[in-house]
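*Asks:* What follows is a single structure, and I will ask about it in a moment.
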Amino acid sequence: MTAAAAAPRVIAVVGPTAAGKTALSLDLARVLDAEVVNADSMQLYAGMDIGTAKLPVAQRAGVPHHLLDIWEVTEPASVARYQQAARAAVDAILARGRYPLLVGGSGLYLRAVLERFEFPGTDPALRADLEADLARRGPAALHADLARLDPAAAGSILPSNGRRVVRALEVVRLTGGFTAVLPGATPYYHAVTLGVDLAPAALDERVADRVAGMFAAGLVDEVRALVRRGLREGRTASRALGYRQVLGYLDGGYPLAEAAAATVAATRRFVRRQRSWFRRDPGVHWLDTSAPELLAGALAALAGAGVPVPPGAAVPAPHRPGAGGTGAG
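Heads up: the sequence shown begins at 856 in the working numbering, then just goes up one per residue.
The structure is reproduced here in structure tokens:
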């Protein structure tokens, strides 16, 4: 699929956690006869529901949702695998004559679908050696190794992010260069992107409310159930917001109230990283989710980008999903 169509064929709804992506995507899907393709990296995991704000089936208003619950919690994340699955879902929706709505806050996953770039391969033996080295020496030491081999790549990765440092070193050794310094944007689909956000103080308050609701809704029991399915062995899932903090509580590391407070703080930091990522893209049409006519504003932005909008469609739809956790919306 190329960007040759006269009007955008794919719509993305992006923005930081808890900013309102889910509600807007449901309204847009109903107005435009669209289907949602998940672009939240943690909602790919089966059973991770409360802590990722995964929308229950009963609250999806009959809108088809794709790429939820496709991985077990023991599986490591793979942007390359996601790219393949997401593009297959998008192409199938387009073949049905409907709009794909790519919805989520995982910036790299969104770019992997919407833009042209390929991921280097992997070497299981080399990866195992690097992960053993990580366990023995720690992420900062491996980051120093990366800085000597590829300063540009090291500059794009936090020294504390051991998983990304390991991947960078693997690619450097396999290819002699690292592609985590992302290439320039070349569209794969002709797409239009809507960004939703709130004032920082308002979004901070919303995050705190959502985390409180998440713990009240049974996150601890959800984590206990996932531990029985191998959550502790999952390199990616075990580090997810909320899940990591609850695992610490279950291990006796700190009280439950401290786990909740740590989840709020970590989520707020994550929100700021998401905002920084998406705000760098000049092509995003930004919307304030506190605006009373959010759907009308979104439809106006889509119409301005060339998306055919049905007459009279600017009347806001009444459906709103219930409150959830910290990983979506």
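Think of the CB as a built atom: it goes at the ideal place given N, C-alpha and C, for glycine as much as any other residue.
(1) According to DSSP, simplified to helix, strand and coil, what is G1050?
(2) Alpha carbon to alpha carbon, what distance is there between V1047 and A1155?
(3) Is it right to say N1016 is buried, meaning 16 or more other beta carbons lie within 10 angstroms of its own, or is it exposed?
(4) Taking V928 and Y900 to be in contact with their CB atoms under 8 Å, please state how far apart those CB atoms are, rounded to whole angstroms.
(5) Comparing C-alpha positions only, which one of A1056, E1148, A1116, R1022 sits nearest to L985?
(6) Can you find the residues in the same chain that come closer than 8 Å, C-beta to C-beta, to Q1129, ignoring five residues on each side of it along the sequence?
(7) Short check: CB of H921 to CB of V892, under 9 Å?
(8) Using the C-alpha atoms, what's the distance from A1120 back to A999?
(9) From what residue to what residue does the alpha helix (DSSP H) around H998 run?
(10) Can you name the residues that DSSP bridges to A1092?
(11) Could you check the C-alpha separation between A947 and W926 for me, to the nearest Å?
(12) Less than 7 Å between C-beta atoms, sequence neighbours within five positions excluded: which residues of the same chain meet that for P1006?
(13) Thinking C-beta only, is A1160 closer than 9 Å to P863?
(14) Straight-line CA distance for A1054 to P1147?
(15) How big is the Cα-Cα spacing for T1144 and D988?
(16) Going by alpha carbons, who is nearest to R982 out of F972, L997, V1075?
(17) Kindly list the residues whose CB is nearer than 7 Å to the CB of R1028, restricted to its own chain and excluding five residues on each side of it in sequence; keep chain order.
(18) What is the C-beta distance between R1123 and D1064, in whole angstroms, given that I count them as a contact (C-beta under 8 Å)?
(19) Could you spell out the range, first to last residue, of the alpha helix (DSSP H) harbouring L1111?
(20) What are the partner residues of N893, as DSSP defines its beta bridges?
(21) Please name the residue, chosen from R1090, D904, S880, that lies closest to L956 on a Cα-to-Cα basis.
*Replies:* Let me lay it out:
(1) G1050 carries a strand assignment under DSSP once its states are collapsed to helix, strand and coil.
(2) Here the C-alpha atom of A1155 lies approximately 12 Å from the C-alpha atom of V1047.
(3) With fewer than 16 other Cβ atoms within 10 Å, it is exposed.
(4) Confirmed, Cβ separation roughly 5 Å.
(5) With distances taken between Cα atoms, L985 lies closest to R1022.
(6) G870, P871, T872, G960, G962.
(7) Yes, Cβ-Cβ distance for H921 and V892 is below 9 Å.
(8) Cα to Cα, the separation comes out at about 28 Å.
(9) Looking at the DSSP string, the run of the alpha helix (DSSP H) that includes H998 is 994-1004.
(10) Its beta-bridge partners do not exist; DSSP assigns none.
(11) Taking C-alpha positions only, A947 is separated from W926 by approximately 20 Å.
(12) Non-local C-beta neighbours of P1006 in its own chain, meaning closer than 7 Å and more than five positions away in sequence, are absent.
(13) Yes; because the gap between Cβ atoms is below 9 Å, this pair is in contact.
(14) Rounded to the nearest angstrom, the two C-alpha atoms are 15 Å apart.
(15) Whole-angstrom Cα-Cα distance: 45 Å.
(16) Checked all of F972, L997, V1075; the closest Cα to R982 is L997.
(17) So the list reads L981, once near-sequence residues are dropped.
(18) The beta-carbon separation of R1123 and D1064, rounded to 12 Å, does not stay under the 8 Å limit for a contact.
(19) Bounds of the alpha helix (DSSP H) holding L1111 are 1111-1134.
(20) The bridge partners DSSP lists for N893 are V958.
(21) That would be S880, whose Cα lies nearest to the Cα of L956.
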